[in-house]
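One structure below.
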Amino acid sequence: MLGGVETRSVSPVFVGRADELAVLTDALTRAAGQEPQALLIGGEAGVGKTRLTEEFLSEADRRGAVVAVGGCVEIGAEGLPFAPFSTALRTLHRLLPDELAAAAVGQENELARILPELGETPRGPHDEESTARLFELTARMLERLAADRTVVLVLEDLHWADTSTRHLLSYLFRALGSGRLVVVATYRADDVHRRHPLRPLLAELDRLRTVQRIELSRFNRAEVRRQLAGILASQPDEEFVESVFDRSDGNAFFVEELVASRASGCLTGLTESLRDLLLVRVEVLPDAAQRVVRIVAEGGSTVEYALLRAVTRLTEDELIEALRSAVGANILLATSDGDGYRFRHSLVREAVSDDLLPGERARVNRRYAEELEQDDSLIRAEERVIRLATYWYYANDAVKALPAVLAASVAARRRHAYSEQLRLLERAMELWEAVPEEVRAELRPADYTEVYPPCGCDPATTPLQRLDLLAEATVAARFGGERERALKLTKTALRLLEDGHDPLRAAWFWTERSRMIASLARGDGWEELARAQELVRGLPPSQVHADVLVRAASWGMLHKPGPDNLVAAERAVEYARMVGAEDTELNARITVGSLLVDAGDPERGLAEMYAVKNRAAGLGLPMLVARAHVNLTSHLESLGRSREAVELAEEGAELVKNSHLMDSEAYIRGNLAESLYSLGRWEEAATQARRTLTLVSSAAPRAAAVVRLSYLALARGELAEAAGQLTAARTHFGSHDGQPQHRIPLFRLAIGVAAAEGRIADVRREVAAVIEHGFPLGIHRYAWPLLLAAASAEAEARGLPAAEAGREEALTVLRTAARRLATPVPVWNAHSEYLRAELLRAEGRDTVADWTGVEAAVRPLERPYLLARAQYRLVEALLAAGGDRETAAALLQEAYATAEQLGARRIREDLALLAQRARLPLTPVDAAARALLAPGADPVEALGLTSRERDVLRLVAAGHTNRQIAEELFISPKTASVHVSNILAKLGVASRGEAAALAHRLRLFGPVTQQPAGTR
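Quick note on the numbering used here: the sequence shown kicks off at 193 and runs consecutively.
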């Protein structure tokens, strides 16, 4: 058999499973072509998952693949964090030491959280992106390792996997994009009940087309016959086949056990329950071997030889003799590394463990714990703490278990296994009351907790409190993505603090609760922050006080911009300096800088943020460096300094990428996409937006990227795509996101889509809704483009009967809103000029001078799309006024070239038709434009419409229904419908409204009058 891979089957013949094996070997072939493969193998216990895997690994070995197997470890109620990955990577480290070292170069300490052999595990940093960073590093290491060799990674017994292992597996299945890598995971399907934690992962992976799932069924009678023939080395008689098949029900493992029972003379096993059948073969072992088997059953999935010898207290000869009996009976087997023993099948271990008496189980666990305490070399260092905690817990010794469980929670945190840390902290809280107070008084926060800042007490001398554990568990739940659990923990803690004895700690929990409320879209979090502010008011400066002020100022900056936020942020800086909390101070200074920019002091605000960026980089605080880049690039764009924003965003994206801060990288790349869009680098903008979507699962940066893609689609005339992305963005932001910077762009997009489809009433409804919310201080960067889009829609709709009612009021609303907006820099002054000209155009009062001023204001801004639109309007005005045709032609050609380069289809078509009507040349001229420019060409015919379709389009533009068109043209409604469908296809639009808007925009027909239904 394959060296280094355990063989646990007693049957020499591989029966059935030909189709399943073909799927697995096909994955090997695909992987050899640099196409990573992901497979799940499920089936009930004993059905043959292990045997199928062994056959596959034999084939992989034959093909020269590097094979690594890791099993999920069941130790009590929780597994070892990342256990199967650690085991598999340890094998790869042994087989490919130089190659793995090269794949991990530069990130050894971080990757040591999963593979301790790589280096010293660092203490931090800890944040909501820590786990994602670790997962990304692991994925990239595996890709590099499998770049020029096929690597097969098998993770067994996923039903026992810890939460961190499940999350890492899910990430790998999604993130692996290259390399000759095959990842196979097995799980026991009958254990995955409705509330099993593996069930959501299986459902999630089912939705991934890249994951293949193999479900193993039981053997039929013919397959059982073949299995029996292989085991017995002869053809079995039919009576025996029938008996075994009936009792095993086609389960391959039970077939083997029934044969083994018969061979050892345990014929009673054939009539007993399956559990008793498994125990019967244990009970025929010598007494010493039975004792060893019972001790191994309680030790976990695998027990090291040295530990087993210490716990059994047998002499080496006695232990080896007992093990030989158990191995010879095919109950235990040696592990592949020769260092320990495990049961041949987990079903046998479970049956033996369940058969232990309660007192017996506690005694065995105590013995394991005592031996580990005396000699920490008996097992691997990274496993010692968690296993010691588990053994003491099941020994029913709360006094010993509590500090051991707390120490295990610290170890889990250091590995970024926050879900396991949470479970252990919950276990510690379960044990809390069972431990005498004098014992708890010896425990110190400094040894076991780190999230709650010291406020007026020394964590090295102050006794540990239950509230410390609740604080630690709250943050562990948040970092582990279990926000609902974090919310419940804050509620529990705040009940304990209702008497007001510790207002600082209560303020801390209210701040955490605010964060959870907002992230779960249960509200905006302000009510909770207000409670925290009330609690710290009047108290001496502290880090909690400073943190509350920073959070409140940041919340106000995003939700309710105003001068009060700057006061709060500056006070937070002052408090943080008083208590020496420099990271809190730097965070507050970023908020101060942002608020200064919004308040009209941009140079001072930018200087403050640049200073923080440089200081944070010097102190090695990547989260703050990232936040500085996010805010700086956003504000530079708001000041019209897009080129500078792009340079800084590119620098920041690389910095945070190296720190693996994926949410931060997503925000920066989203800002980069916005600035690239402004500069007319649309393909690059789309690339950055799409890349953002691959980086994160967090709602806000994902939604922002979708907004960028929607803007691009709208500008390019892809209305269905723009509308779809708008819907997706609304879903990502949720109904409770009240931030103006998120809300206003959604309204802007909705206005753009409605205008393009000719729905002027919907445009006005969107404008009324956004103005009802108001435009707070510093939000002019989002408000000006929205008002401009609405004014352009009104101008385009001039002359349409459906737009006349309410027009005057709509224009007044826009003018009033514009008067309240600031124009602190040239880009927004240009928008103000553009808006004024569009409002005049909506009234038919715009002049060449108006559009000349707009074009002159926009030209220096490096906003090519905005400039092309302004030039289009200026050309229209020049031609309408009988102005200089040479100037008009030059502007038209420049605008058309820009539209071509950008791929802005709508304005390109508008410019081409304007050129055709005015008999002005376009250079270069595409095939469609040539048709439009032919002397004497009819613009409607140039669009490919027949004379009948011209008549139908004229009536569609007037707002007629199919029935009204049929009556007007003396045709059937069905024929009218066919004509409308043909028109939509030829014009490249999706709806009647879009067709009407296009006809009106291109002035294909003269003024129309909407007629009541039933008239001709």
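Glycine included, every Cβ here is placed at the ideal spot set by N, Cα and C. All values derive from a computational prediction rather than experimental measurement.
Asked                                                                                                                                                            : Found
By a C-beta neighbour count over all protein chains shown, 10 Å radius and 16 as the cutoff for buried, is GLU430 buried or exposed?                             : exposed
Distance check for ARG553 and VAL207, CA to CA, integer angstroms please.                                                                                        : 39 Å
Tell me which same chain residues have a C-beta within less than 7 Å of the C-beta of ARG900, skipping the five on either side of it?                            : GLY862, ALA865, GLU866, TYR869, ALA877, ALA881
Just the Cα atoms here: how many angstroms apart are ARG1007 and GLY998?                                                                                         : 15 Å
Would HIS751 pass as a contact of GLN566 if the rule is Cβ separation under 8 Å?                                                                                 : no
Would you report the Cα separation of SER611 and GLY672, rounded to the nearest angstrom?                                                                        : 5 Å
Along the chain, which unbroken stretches of the alpha helix (DSSP H) at least 4 residues long are found entirely within the segment 698-766?                    : 718-728, 735-751
Looking at the unbroken beta strand (DSSP E) that takes in GLN404, where does it start and where does it end?                                                    : 403-407
Which residues in the same chain have their Cβ closer than 6 Å to the Cβ of ASP954, if we skip the five residues on either side of it in sequence?               : ALA946
To the nearest angstrom, report how far apart ASP1076 and GLN1085 are at their CA atoms.                                                                         : 14 Å
Which residues does DSSP pair with PHE535 in a beta bridge?                                                                                                      : LEU524
Near ILE971, which residues of its chain fall below 6 Å by C-beta distance, leaving aside the five closest residues on each side in sequence?                    : PRO932
Which value, in whole angstroms, describes the spacing of the CA atoms of GLY263 and LEU450?                                                                     : 27 Å
Here's a check: name, in chain order, each residue in its chain whose Cβ is nearer than 7 Å to the Cβ of LEU662, leaving out the five neighbours to either side. : LEU681, THR684, ALA685
Using a 10 Å radius around the Cβ and a threshold of 16 neighbouring Cβ atoms, would you call GLN1093 buried or exposed?                                         : exposed
By Cβ distance, which residues of its chain are closer than 7 Å to HIS737, with the 5 residues on each side in sequence left out?                                : VAL728, LEU731, TYR767
I'd like the ranges of any alpha helix (DSSP H) spanning at least 4 consecutive residues and lying wholly in the segment 947-1013.                               : 952-965, 972-988, 993-996, 999-1011
Between which two residues does the beta strand (DSSP E) holding LEU231 run?                                                                                     : 229-235
Taking Cβ to Cβ, would you say LEU824 is nearer than 8 Å to LEU798?                                                                                              : yes
Does the beta-carbon of ARG743 have 16 or more other beta-carbons within 10 angstroms, so that it is buried, or is it exposed?                                   : buried
Between the alpha carbons of ARG473 and THR313, how many angstroms are there, rounded?                                                                           : 45 Å
Could you spell out the range, first to last residue, of the beta strand (DSSP E) harbouring ALA625?                                                             : Sequence inspection shows Glu at residue 625; the Ala mentioned does not correspond to that position. Here GLU625 belongs to no beta strand (DSSP E), and DSSP marks it neither H nor E.
Where does the unbroken alpha helix (DSSP H) through LEU373 begin, and where does it stop?                                                                       : Not the alpha helix (DSSP H): LEU373 falls in the beta strand (DSSP E), residues 373-380.
What do you reckon, are the CB atoms on ALA230 and ALA260 nearer than 8 Å?                                                                                       : no
If ALA599 sits next to VAL577, beta carbons under 8 Å apart, how far is it from one beta carbon to the other, in whole angstroms?                                : 5 Å
Please classify GLY530 as buried or exposed, where buried requires at least 16 neighbouring CB atoms within 10 angstroms.                                        : exposed
What three-state label does DSSP hand LEU345 in the structure shown?                                                                                             : strand
Along the chain, where does the alpha helix (DSSP H) containing ALA808 start, and where does it finish?                                                          : 794-811
According to DSSP, is GLY916 part of a helix, a strand, or is it coil?                                                                                           : helix
Got a sec, what are the start and stop residues for the beta strand (DSSP E) GLY259 sits in?                                                                     : Reading off the sequence shown, one finds Val at residue 259, where the question assumed Gly. Per DSSP, VAL259 belongs to the beta strand (DSSP E) from 258-263.
Could you spell out the range, first to last residue, of the alpha helix (DSSP H) harbouring ILE1175?                                                            : 1165-1179
From the DSSP secondary-structure annotation, give me the bridge partner or partners of VAL495.                                                                  : TYR533
Closest to PHE967 by CA distance: which of ALA995, ALA987, ALA942, HIS934 is it?                                                                                 : HIS934
Note down the Cα distance separating MET815 from SER856, rounded to an integer number of angstroms.                                                              : 8 Å
Is the Cβ-Cβ distance between VAL1050 and ALA1082 less than 8 Å?                                                                                                 : no
Rounded to the nearest angstrom, what separates LEU307 and TYR903 at their Cα positions?                                                                         : 45 Å
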